[in-house]
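The numbering used here puts the sequence shown at residues 12 to 317.
Structure, as structure tokens:
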Amino acid sequence: MRKILFFLLLLHCCLPMFAQDTARYKGMTVNLDEVVVKAKRFGFDVAGFIKRVEEDTTFYMAFKHLRQVSFTADNDIKIFSKKKEVKASLKSHTRQVVEGICRHMEVVDEKTTGDFYTAKKNYNYYTAELYANLFFTTGKICDNGQDTEKGRGSMEKHKGQLKQLIFNPGKPISGVPIVGQKVAIFTPDVMKLYNFSITSQSYIGKDCYVFSAIPRDNLNRLDRSEIVINELVTYFDKETWEIVGRKYSLSYKTALFDFNVRMVVQMTKVNDLLVPALITYSGTWDVAFKKRETADFTAKFFDFKQ
């Protein structure tokens, strides 16, 4: 009997060390794992961390930083048929060279299959065109790495909005009908649909705090139909507080369009600039009056020079 009482007392004393806790931020309830709970006791500012997540722009800016550095890239794009067979593809090895405020791209080698290109060497698929718009350069461009989409036509504007949707999830997107506000997970109307958590994990060899947003399990059909972000997980280096990776999935369906996209992005540093090192994408898009497009791509960036 004494052994049982001793065990119960010991269990009661130790449970708080391993139990989860919660924190509040602007009406948001955030679950904390035991490591974060312990860190909180030693001064970890949960509200400050979430505010950092909410206001962070480094992830989106990291893609723009690619315009400012020389790098080598392995590009692998696959377009799939309805039967999930590869009907067109591109594999290439490219090199971006930056000189002053100018940059140009050299194609070291390239192989394509199917109708990846049109007869006039234009891209036959929207995913390929978006990829090229992000990572390929035609001719010499001198813009000091600044946005070249401003002041252009509606097509460039739409591409810019699409890039924000894909590469800046969690923030409202001005000018995007229906979906633009549904991705803003820190607004009251959207945050109520999600479970949030902060955990401690190792990611690509770094000790990280991980912020996650996942739709609640108990949503009714109407609330479920409002979900655009199915998963958003961001990894922050505990030492530098920089994003070292993110994985997320987005989907939505209307009478005019539907999409389902999954991405994983891993970051690296080039001196003081944060840039992507690996991007994997798997997605399907269907827009009214156009054929559904299903594609995967992998982009690897290395041999950086600033």
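We put the beta carbon where it would ideally sit given N, CA and C, even for glycine.
Burial state of Ser223, where buried means 16 or more other Cβ atoms lie within 10 Å = buried
ask   = Is DSSP giving Arg303 helix, strand or coil here?
value = coil
Length of the line joining the Cα atoms of Arg78 and Val109 = 8 Å
task = Name the two residues that bound the continuous alpha helix (DSSP H) containing Gly59.
result = 57-66
query = So, is Ala99 buried or exposed, given that buried needs 16 or more other C-beta atoms within 10 angstroms?
reply = buried
ask   = Rounded to a whole number of angstroms, what is the C-alpha to C-alpha distance between Ser293 and Leu243?
value = 15 Å
request  = State yes or no: is the C-beta of Ala310 within less than 8 Å of the C-beta of Ala84?
outcome  = yes
task = Measure the alpha-carbon distance for Thr265 versus Thr305 and round it to whole angstroms.
result = 17 Å
request  = Starting from the N-terminal side, write out each stretch of the beta strand (DSSP E) that is 3 residues or longer and does not extend beyond the region 189-215.
outcome  = 205-214
inquiry  = Tell me the rounded alpha-carbon separation between Asp56 and Asp248.
reply    = 15 Å
Contained alpha helix (DSSP H) runs [length at least 4] in the region 33-105, N- to C-terminal order = 45-52, 57-66, 69-76
key: Range of the contiguous alpha helix (DSSP H) that encloses Leu233   = 232-235
query = In chain order, which beta strand (DSSP E) runs of at least 3 residues are fully inside the region 266-316?
reply = 268-281, 284-298, 304-316
task = Use the C-beta contact count for Phe53: other C-beta atoms within 10 angstroms, 16 or more gives buried, fewer gives exposed.
result = exposed
key: Residues near Leu233 in its chain [Cβ-Cβ closer than 8 Å; skip 5 each side]   = none
task = Excluding the 5 residues preceding and the 5 following Thr279 in the sequence, name in chain order all residues of the same chain whose CB lies nearer than 7 Å to its CB.
result = Val286, Ala288
inquiry  = On the DSSP letters alone, give me the boundaries of the alpha helix (DSSP H) that Thr138 sits inside.
reply    = 137-146
ask   = Who are Gly111's beta bridge partners in DSSP?
value = Gly111 pairs with nothing; no bridge assigned.
message = For Thr148 and Asp218, what's the separation of their Cα atoms in angstroms?
response = 36 Å
message = In the DSSP output, what is Thr245 paired with across the bridge?
response = Phe222, Arg257
Which residues DSSP lists as bridging Lys151, in chain order = Lys151 pairs with nothing; no bridge assigned.
Distance between Tyr142 and Lys95 (C-alpha atoms, nearest Å) = 20 Å
request  = Return helix, strand or coil for Glu121, following the three-state DSSP convention.
outcome  = strand
query = How many Å lie between Leu19 and Pro226 at the Cα?
reply = No answer about Leu19 holds up, because its pLDDT of 42 lies below 50 and its placement is not dependable.
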